[in-house]
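Q: In the numbering used here, the protein residues as written are 602 to 1234.
1. Among residues of its own chain, excluding the 5 on either side of residue 1011, which ones have a beta-carbon nearer than 6 Å to its beta-carbon?
2. Among 1051, 1212, 1205, 1229, which has the Cα closest to the Cα of residue 917?
3. Cα-Cα, which of 649, 874, 701 is closest to residue 680?
4. If I'm right that residue 1019 touches residue 1059 with Cβ under 8 Å, what's the distance once you round it to whole angstroms?
5. I'd like the span of the beta strand (DSSP E) that includes residue 736, first residue to last.
6. Would DSSP call residue 1103 helix, strand or coil?
7. Curious, which full-length alpha helix (DSSP H) runs of at least 4 residues does the stretch 671-747 contain?
8. Leaving out five residues on either side along the sequence, give the residues of the same chain with a beta carbon under 6 Å from the beta carbon of residue 1005.
9. Let's see if you can read the secondary structure: which residues bound the beta strand (DSSP E) around residue 877?
10. Work out the CA separation of residue 634 and residue 1229 for me, nearest whole Å.
11. Buried or exposed: residue 919, going by 16 or more other Cβ atoms within 10 Å of its Cβ?
12. Taking 7 Å as the limit between beta carbons, can you name the residues of its chain near residue 1223, skipping five residues before and five after?
13. Which first and last residues belong to the beta strand (DSSP E) in which residue 1175 is found?
14. Name the two residues that bound the continuous beta strand (DSSP E) containing residue 1014.
15. Locate the alpha helix (DSSP H) running through residue 1205, then write down its first and last residues.
16. Reducing DSSP to helix, strand and coil, say where residue 1119 ends up.
17. Please check the pair residue 945 and residue 1138, which I expect to be a contact at CB under 8 Å, by giving their CB distance rounded to whole angstroms.
18. Below 6 Å CB to CB, which residues in the same chain sit around residue 985 once its five sequence neighbours on both sides are set aside?
19. Where in the stretch 962-1044 do unbroken runs of the beta strand (DSSP E), each at least 3 residues long, occur, reported from the N-terminal end onward?
20. Using a Cβ-Cβ cutoff of less than 6 Å, which residues in the same chain neighbour residue 1124 once the five nearest sequence positions on both sides are dropped?
21. Go to residue 928, then tell me how far its beta strand (DSSP E) extends in each direction, as first and last residue.
22. In the DSSP assignment, what residue or residues form a beta bridge with residue 817?
23. Of all the options 720, 738, 689, 806, which has the alpha carbon lying nearest to the alpha carbon of residue 764?
24. Give the C-beta separation of residue 998 and residue 894 to the nearest angstrom, bearing in mind that I take them to be a contact with Cβ-Cβ under 8 Å.
25. Is the stretch 1113-1120 close to the stretch 948-964, with three or more CB pairs under 8 Å?
26. Tell me whether the beta-carbon of residue 729 lies closer than 9 Å to the beta-carbon of residue 992.
27. Is residue 856 closer than 9 Å to residue 1076 when the C-beta atoms are compared?
28. Suppose you measure from the CA of residue 812 to the CA of residue 832; what does that come to, to the nearest Å?
29. Only counting the same chain, and skipping five residues up and downstream in sequence, which positions put a Cβ closer than 6 Å to that of residue 1218?
30. Measuring alpha carbon to alpha carbon, tell me which of 1044, 913, 1021 ends up nearest residue 1031.
31. How do the stretch 784-795 and the stretch 744-763 stand: do at least 3 beta-carbon pairs fall below 8 Å, yes or no?
32. For the beta strand (DSSP E) that residue 1074 lies in, which residues bound it at each end?
33. Take every Cβ of the stretch 669-676, pair it with every Cβ of the stretch 692-704, and state whether three or more of those distances are shorter than 8 Å.
34. Within its chain, find whatever has a CB closer than 6 Å to the CB of residue 875; leave out the 5 residues flanking it on each side and keep chain order.
35. Who are residue 1170's beta bridge partners in DSSP?
36. DSSP puts residue 1111 in a beta bridge; with which residues?
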């Protein structure tokens, strides 16, 4: 659901804000922004109270026009003593469209550079949680679409500041009922500061019942008043984060084993939290395994019941798309052209029913039925059945690996095959990565195994058997003739076809991939070219003619790799060894054919879990990935 709105422009200058240094770079002359800064930021003591902290976490109930987030982001930018990371979690029953958000804030030129960045990511906001990354991942906005109480129960977060955005309680009587306030209180630590601009004069009493000490500071209108408060209950609160999540680890040293998509993503995410990360790999160069695929498709999974896999794939695809846009060269290393998924026999995946009703616009920004124009543009008949994935892209995985490994704080060491892991002589010394001669390659407080199918061997050195199996895959590719102008959008369904892929050798097409279970070797097989041709004959017969001609001339090239999958078809993220408060060993593996989709998501989830940060997705989705050690074996 989206909505266009009108917002009053202009207004008197705020002398209160002019006399403060709340936003050092620019004075905000509009009364609406100055009032928001005075009520919410100053009401929570910001930016003074966050200075020299490692991170700061803010919860806003009622995102509205996004101005409180934008002002907080601006204050973070302007503060030389700002926290390393800023987490901002916002709940709302629905969020304005990107255009409506831009229209609402165009009167404020000081916010335009930020609102344009925000607008670019305000798409596809279906019910659930959406992680948006800014400032190279140091400002993290988590949008929770749905009822505040339900969303907060799925978050498990502990915040430092709390914005209760103003509501007309007569129009929305449930937004600040006692049950919602209790859910909000469960996200606070003793000392969390609160600020609100409310119309409900019974709100202070409900806040008091939930452990807040409050005082009215001013009246903004005859109907509205400002309130500041502190979470300081007379009782000792039982925190959900204490019961279901460990306390945060202090950033220290980390070894990541495996320099593919998963290992590189984890290294980048942890380094941004202050970890010094050493990435070890048996190969001489990064992305030498399945992540060496010339290009892969980043496409969300769809299902009529919007399954766990579908929801997880959207969460992962959003994060990877943000990373690709920030780190890669458009048109060369990645391209956001959309992908058309063919329904070849009428039994293909169907869109959820809710996507045709109140959530149709947000859903279409992810996936919708393909139009005649889209079919024709992809070389199909106008009446072809298919799903158009507007959010989809092709990406060169090795380029993304390379970019992640360049993150400050990450060091890469090739030709370093880890044969086993061993606890150091003292608990405080952490874990050692040993080669086949039991020579110590590296030692660190945290080890993350991200070595695909080889993760099994390393887990065995800790006495754990992992349930995973190898899957060999091969793609076929060839070069277009000079002057050819192929279609830009890729197709998938039974296999996939990328029609215009820039490689060092020239503009190429690529089709695949074969699927051979329980095969851990990556040699090129002639019969797999024939299998890929058969898939292309179904996907796009016209393109298959070109492939068949080049196959007959022995001009087809191939690439093969070994993927790793779990019985659930979902990645595995679990702690294998170590206490919850000390040195630990984790494994993150089993991406299957969705390494591009899941690697960045799992990396952010692991970092959030280790640091007790806001989750990047709902707790029920987290449980599907973070299985315990017993279920992993």
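Where a beta carbon is used, it is the ideal one built from N, C-alpha and C, also for glycine.
If you're wondering where the values come from, they're calculated on a predicted model, not measured in any experiment.
A: So, to answer that:
1. Here the set comprises 868, 872, 878.
2. The shortest CA-to-CA distance from residue 917 to any of 1051, 1212, 1205, 1229 is the one to 1205.
3. Ranking the options by Cα distance to residue 680, first place goes to 649.
4. About 6 Å separates the CB atoms of residue 1019 and residue 1059; that is less than 8 Å, so the two are in contact.
5. Run containing residue 736: none; DSSP gives neither H nor E here.
6. In the three-state DSSP reduction, residue 1103 falls in the strand class (E or B).
7. Annotation: the stretch 671-747 contains the following complete segments of the alpha helix (DSSP H) (minimum length 4 residues), in chain order: 699-706, 713-722.
8. Within its own chain, the residues whose Cβ lies closer than 6 Å to the Cβ of residue 1005, once the five positions on either side in sequence are excluded, are 865, 866, 869, listed in chain order.
9. Note, residue 877: beta strand (DSSP E), 877-881.
10. Between the alpha carbons of residue 1229 and residue 634 lies a distance of about 47 Å.
11. The residue in question, residue 919, is buried, as its Cβ has 16 or more Cβ neighbours within 10 Å.
12. Here the set comprises 1206, 1216.
13. Residue range 1173-1178 is occupied by the beta strand (DSSP E) that includes residue 1175.
14. Run containing residue 1014: 1011-1014, per the beta strand (DSSP E) assignment.
15. Boundaries of the alpha helix (DSSP H) harbouring residue 1205: 1196-1211, taken from the DSSP string.
16. Coil, per DSSP.
17. Contact flag wrong, Cβ pair sits at about 11 Å.
18. Same-chain partners within the cutoff: 976.
19. Runs found: 987-990, 994-996, 1011-1014, 1021-1024, 1032-1035.
20. Here the set comprises nothing.
21. Boundaries around residue 928 are those of the alpha helix (DSSP H), 909-928, since no beta strand (DSSP E) includes it.
22. Residue 817 pairs with 828.
23. Of the candidates 720, 738, 689, 806, the residue whose Cα lies closest to the Cα of residue 764 is 689.
24. About 6 Å; that satisfies the 8 Å criterion.
25. The stretch 1113-1120 vs the stretch 948-964: no contact.
26. Between residue 729 and residue 992, the C-beta gap is not smaller than 9 Å, which leaves the two residues out of contact.
27. No. Outside cutoff.
28. Our two residues, residue 812 and residue 832, have alpha carbons roughly 6 Å apart in a direct line.
29. Excluding residues within five positions, the ones whose Cβ falls inside 6 Å are 730, 916.
30. Residue 1044 is the option with its Cα nearest to residue 1031.
31. At 8 Å Cβ cutoff, the stretches touch.
32. The continuous beta strand (DSSP E) containing residue 1074 extends over residues 1070-1080.
33. The stretch 692-704 and the stretch 669-676 do not touch, with fewer than three beta-carbon pairs separated by less than 8 Å.
34. So the list reads 852, once near-sequence residues are dropped.
35. The partner list for residue 1170 (beta bridge, DSSP) is empty, contrary to what the question assumes.
36. Note: residue 1111 sits in a beta bridge opposite 1078, 1099.
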